[in-house]
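Asks: Structure in structure tokens, see below.
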Amino acid sequence: MSIVLFGADGQLGYELHRSLSALDDVHACTRSGRLPGGFIGECADFSEPDQAAAVIRRLQPRAVVNAVAYTAVDKAEDEVHLAQRINADAVAEIAAACAHTGSTLMHYSTDYVFSGNNARPWREADVTAPLSVYGKTKLAGEDAIRASGCPHLIFRTAWVYAARGQNFLRTMLRLAAEREQLRIVNDQVGSPTSARWLADVSTLALHARPQGSGTWHAVAAGQCSWSTFAEAIFVDALAAGLIARAPVVTGIASSEYPTKATRPAYSVLDTACLRSDFSLTVPDWRCGLQQVIAELAAQ
Numbered sequence: 033m034s035i036v037l038f039g040a041d042g043q044l045g046y047e048l049h050r051s052l053s054a055l056d057d058v059h060a061c062t063r064s065g066r067l068p069g070g071f072i073g074e075c076a077d078f079s080e081p082d083q084a085a086a087v088i089r090r091l092q093p094r095a096v097v098n099a100v101a102y103t104a105v106d107k108a109e110d111e112v113h114l115a116q117r118i119n120a121d122a123v124a125e126i127a128a129a130c131a132h133t134g135s136t137l138m139h140y141s142t143d144y145v146f147s148g149n150n151a152r153p154w155r156e157a158d159v160t161a162p163l164s165v166y167g168k169t170k171l172a173g174e175d176a177i178r179a180s181g182c183p184h185l186i187f188r189t190a191w192v193y194a195a196r197g198q199n200f201l202r203t204m205l206r207l208a209a210e211r212e213q214l215r216i217v218n219d220q221v222g223s224p225t226s227a228r229w230l231a232d233v234s235t236l237a238l239h240a241r242p243q244g245s246g247t248w249h250a251v252a253a254g255q256c257s258w259s260t261f262a263e264a265i266f267v268d269a270l271a272a273g274l275i276a277r278a279p280v281v282t283g284i285a286s287s288e289y290p291t292k293a294t295r296p297a298y299s300v301l302d303t304a305c306l307r308s309d310f311s312l313t314v315p316d317w318r319c320g321l322q323q324v325i326a327e328l329a330a331q
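For the sequence shown, this note's numbering assigns the number 33 to the initial residue and increments by one for each residue that follows.
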């Protein structure tokens, strides 16, 4: 099918371009129009009104995949209008364009739409209560898609990382070369999710339900704290020869590492609907980590 992919140069967008291109005719879009490897794609700047929507109306694709988001969680507290523009207003515009062209929209949301106060993994129908500007604008984007009437698949995900881009894994590998000890939050819990796995699941889902609509939680299985995730990164990276030594990790409370935006304490998402609706087996988060470490070691 013909697919417009927004955000093709991001950590998820890069993996989506790889995965989707194996089966489909992909029109890859970035803010500058430039793609990784020096290739030229379509230009779509979400900070500019109607620019992304105009691409949809011109190309009239079978599907649109949106991997663009304003994800600077703390900075969003100061840049409210820009976060609103990228995460909500632009999303409303592309959803309206999809409704006009009949294109199916696949969009990514976040665990930050929830409060984090729960004793079990969050389900799709649970009450949302975002704590931050980032979470509120992402929820507004979800609502705009549903209100547009376009066929859509919304995937809420969390703790996404990859072999490229800016993410927790790459930050930890950099810090491992600089420090012998690290203090990392241990009272925030979630499911680290590989962008490569998320992209492959997205491709499968888009083909399985090309006109379907709904919201699903798409994260790896299992759960851990940020400090536990860091320790696992160092163990695997050391074994793969990516780092010379593993820093000593000390777990700390979120109150000892204050941030401008409040993070949800419990971000684990229930994937029962994803597994049932798409006949999937979701791998443990450690499997995704090992695959990404192996990819980095092979570079």
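All C-beta atoms in this analysis are idealised placements derived from N, C-alpha and C, irrespective of residue type, glycine included. Predicted model only: the values in this text are computed from it and were never measured.
#1: So, does the segment 253-262 touch the segment 194-214, judging by three or more C-beta pairs under 8 Å?
#2: Count the CB pairs spanning the segment 164-184 and the segment 125-143 that are closer than 8 Å, and state whether there are at least three.
#3: Taking I275 as part of the beta strand (DSSP E), name the residues at either end of that continuous run.
#4: Work out the CA separation of G273 and T136 for me, nearest whole Å.
#5: For the beta strand (DSSP E) that A213 lies in, which residues bound it at each end?
#6: In three-state terms, what does DSSP make of S257?
#7: Classify G45 as buried or exposed, calling it buried when 16 or more other Cβ atoms lie within 10 Å of its own Cβ.
#8: Below 8 Å between beta carbons: does that hold for R215 and T160?
#9: Three-state secondary structure (DSSP) at A95?
#10: For the beta strand (DSSP E) containing M138, name the first residue and the last one.
#11: Distance cutoff 8 Å, beta carbons only. Does P153 sit that close to anything in chain D?
#12: Indicate whether F38 and A84 have their beta-carbon atoms separated by less than 8 Å.
#13: Please identify the residue among A237, G42 and N149 whose C-alpha is closest to the C-alpha of R103.
#14: Identify, in the order they occur along the chain, each residue of the same chain with its Cβ nearer than 6 Å to the Cβ of S51, setting aside the five sequence neighbours on each side.
#15: To the nearest angstrom, report how far apart A269 and P81 are at their CA atoms.
#16: Return helix, strand or coil for L37, following the three-state DSSP convention.
#17: In chain order, which beta strand (DSSP E) runs of at least 3 residues are fully inside the segment 53-90?
#18: Using 8 Å as the Cβ pair cut-off and three pairs as the minimum, do the segment 156-172 and the segment 204-220 touch?
#19: Over the uninterrupted alpha helix (DSSP H) stretch that includes I284, give me the two end residues.
#20: Just the Cα atoms here: how many angstroms apart are G73 and G65?
#21: One question on the structure: do V251 and L301 come within less than 8 Å of each other, judged by their Cβ atoms?
#22: Would you list the one or two residues that DSSP bridges to V110?
#23: Bridge partners of G222, per DSSP?
#24: Give the single residue among I275, G134 and T294 whose Cα lies nearest to the Cα of A326.
#25: Which two residues bound the contiguous alpha helix (DSSP H) that contains T203?
#26: Can you find the residues in the same chain that come closer than 7 Å, C-beta to C-beta, to Q331, ignoring five residues on each side of it along the sequence?
#27: Quick check on R241: does DSSP put it in helix, strand or coil?
Replies: On the basis of the supplied data:
#1: yes
#2: yes
#3: From DSSP, I275 is part of no beta strand (DSSP E); its letter is neither H nor E.
#4: 43 Å
#5: At residue 213 the sequence reads Gln, which differs from the Ala that was named. Start and end: Q213 to V217.
#6: strand
#7: buried
#8: no
#9: strand
#10: T136 to T142
#11: Absence of chain D from the displayed structure is noted, only one protein chain being present.
#12: yes
#13: First, the amino acid is wrong: residue 103 is Thr here, not Arg. Ranking A237, G42 and N149 by Cα distance to T103 puts G42 first.
#14: A231, D232 and T235
#15: 43 Å
#16: strand
#17: 57-62
#18: no
#19: Element bounds for I284: not the alpha helix (DSSP H) but the beta strand (DSSP E), V280 to I284.
#20: 5 Å
#21: yes
#22: It should be noted that the sequence gives Asp, not Val, for residue 110. DSSP output for D110 lists no bridge partner at all.
#23: C256
#24: I275
#25: F200 to A208
#26: none
#27: coil
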